Amino acid sequence: MSKDQIDEWYTFGLHLAKESGKMMLDAFHKEKTINTKQTFADLVTETDKAIEKFIFDNIRQKYKDHVCIGEESEERPPWNNSPTWIVDPIDGTTNFIHQFPNCAVSIGVSYDKKIVIGIIYNPMQNLLYTAKKGQGAFCNQKKIFSSKVTDIGKALIFTEVGSLRKENIIDKKLENYARLARASHGIRSMGSAALNLCAIASGQGDGGFEFGIHIWDIAAGVLIVTEAGGVIMDPKGGDLDLLSRKFLAAGTKELADTISSKITPIQFESD
Ligand code: IPD
Ligand code: CA
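For the sequence shown, the numbering used here gives the first residue as 21, with consecutive numbering after it.
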């Protein structure tokens with residue numbers, strides 16, 4: 021894939037992210053139409069759907085052979101080697117509904133099943149995180165770097181309970197949470213996997229993990245972390261399969277390995 025081609029997709033992706041940000045900002049303080057999905061805590065608004073439709077209508081018009089995978093689409097094609105746009109129109113929908121301004125549009129582009137572009141935009145706080153493969157990671161055009169912390173005793177770690185309300189899953193998540201809380205400076209759960217990855221990429225935290233996420237929550241963020249110098253892996257070590265419903269991220273490999281040794285995997289059905 022040529023650099024020019026990636027630059028062209030990136031410019032288009034940036035335009036789509038900024039327009040999506042305007043839609044999000046416009047709806048943020050207004051009353052929202054809310055529907056539930058799998059559980060009473062798994063939420064979607066009209067704005068989530070409108071943003072995803074806007075993004076995919078534009079992509080399909082411009083690039084007829086590109087594939088679109090999105091959280092709110094009724095049909096999701098399998099992830100393959102074609103240029104693929106992997107989109108979460110609002111990551112942190114619960115925050116969006118509660119007017120807690122930690123939510124963002126997340127746009128990842130893959131080619132040959134490798135993420136080559138990551139764009140995450142939180143318009144409420146005017147934070148635009150971007151990365152192109154091999155070209156570094158940026159927040160509002162300023163280069164960002166992950167932290168150098170290797171000692172879990174000095175680490176701030178992100179993880180989430182998520183929206184599934186199954187007792188045994190929540191118990192397992194809280195056991196991991198407690199084990200990490202005892203070993204670290206602290207745990208933060210800010211309600212957006214995409215923005216947790218951006219925080220790790222920019223050194224505002226040192227590591228993070230989650231079980232139960234989907235490819236659209238992390239596609240853009242994993243590239244932003246690795247381009248910032250951080251590590252992405254399967255929570256039990258080895259390469260991360262983006263469809264496996266989990267991730268572990270850290271500023272350093274040493275910290276990633278220590279977090280890995282302290283968490284018990286939780287199995288979710290693959291995407
Ligand atoms: C959710 C957020 C949340 C995470 C969930 C995700 P959504 O995405 O990233 O932090 O815990 O696993 O599903 O539903 O707001 O797009
Ligand atoms: Ca979402």
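Just so it is clear, CB atoms sit at the ideal spot from N, CA and C, and this is done for glycine as well. For clarity, every value in this text was computed on a predicted model and none was experimentally measured.
Quiz prompt | Endpoints, beta strand (DSSP E) assigned at N55 | solution = The count along the sequence shown starts at 1 and reaches residue 55 at position 35. Where N55 is concerned, the enclosing beta strand (DSSP E) stretches over I54 to T56.
Quiz item: Buried or exposed: F267, going by 16 or more other Cβ atoms within 10 Å of its Cβ?
Solution: Residue 267 sits at position 247 when you count from the first residue of the sequence shown. Label assigned to F267: buried.
Self-check item: Inter-stretch contact (C-beta, 8 Å, three-pair minimum) for the segment 187–205 and the segment 139–146
Solution: no
Practice problem: Under 8 Å by Cβ, that's how I've got I71 and V136 pegged, so tell me the actual separation to the nearest angstrom. | Solution: Residue 71 sits at position 51 when you count from the first residue of the sequence shown. Residue 136 sits at position 116 when you count from the first residue of the sequence shown. I71 to V136, Cβ: 22 Å. No contact.
Quiz item: With contact counted as at least three CB pairs below 8 Å, one residue from each stretch, are the segment 256–274 and the segment 202–209 in contact?
Solution: no
Self-check item: Identity of the residues DSSP links to W105 by a beta bridge
Solution: In the sequence shown, residue 105 corresponds to position 85, counting from 1. Answer by DSSP bridge pairing, in chain order: C88 and V129.
Quiz item: Secondary structure at F288, three-state DSSP: helix, strand or coil?
Solution: The count along the sequence shown starts at 1 and reaches residue 288 at position 268. In the structure shown, F288 sits in coil (DSSP, three-state: anything other than H, G, I, E or B).
Quiz item: Do you know how far the Cα of I106 is from the Cα of K256?
Solution: Start at 1 with the first residue of the sequence shown, and residue 256 comes out as number 236. Start at 1 with the first residue of the sequence shown, and residue 106 comes out as number 86. Taking the straight line from one Cα to the other gives about 25 Å.
Quiz item: Do the CB positions of Y149 and A201 come within less than 8 Å of each other?
Solution: The count along the sequence shown starts at 1 and reaches residue 149 at position 129. The count along the sequence shown starts at 1 and reaches residue 201 at position 181. Their beta carbons are not under 8 Å apart, which means Y149 does not touch A201 by this criterion.
Practice problem: Determine the closest residue to K73 out of E28, I283, W99 and I110, with distance taken between C-alpha atoms. | Solution: Reading the sequence shown from its first residue, position 53 is the one you call residue 73. The shortest Cα separation from K73 among E28, I283, W99 and I110 belongs to I110.
Self-check item: DSSP beta-bridge partners of Y197
Solution: What you label residue 197 is simply residue 177 of the sequence shown in a count that begins at 1. Per DSSP, none; premise fails for Y197.
Quiz item: Looking at E289 and ligand 1, is the gap between the Cβ and the nearest heavy atom below 7 Å?
Solution: Translated into the one-based positions of the sequence shown, residue 289 becomes position 269. The answer is no for E289.
Self-check item: the segment 157–170 / the segment 215–234 touching (three or more Cβ pairs under 8 Å)
Solution: Inter-segment contact for the segment 157–170 and the segment 215–234 is present: three or more beta-carbon pairs are separated by less than 8 Å.
Exercise. Using a threshold of 8 Å, state whether the C-beta atoms of L45 and I54 are closer than that.
Key: For the purposes of this step, residue 45 is taken as the residue at position 25 of the sequence shown. For the purposes of this step, residue 54 is taken as the residue at position 34 of the sequence shown. Cβ distance not < 8 Å, so L45 and I54 don't count as in contact.
Quiz item: Anyone know if the C-beta pair for L275 and I127 falls short of 8 Å?
Solution: Walking along the sequence shown from the start, residue 275 turns up at place 255. Walking along the sequence shown from the start, residue 127 turns up at place 107. No; because the gap between Cβ atoms is not below 8 Å, this pair is not in contact.
Quiz item: What is the residue span of the alpha helix (DSSP H) that R185 lies within?
Solution: On the sequence shown, position 165 is the one that residue 185 refers to. It is not in any alpha helix (DSSP H) - R185 carries neither H nor E in the DSSP assignment.
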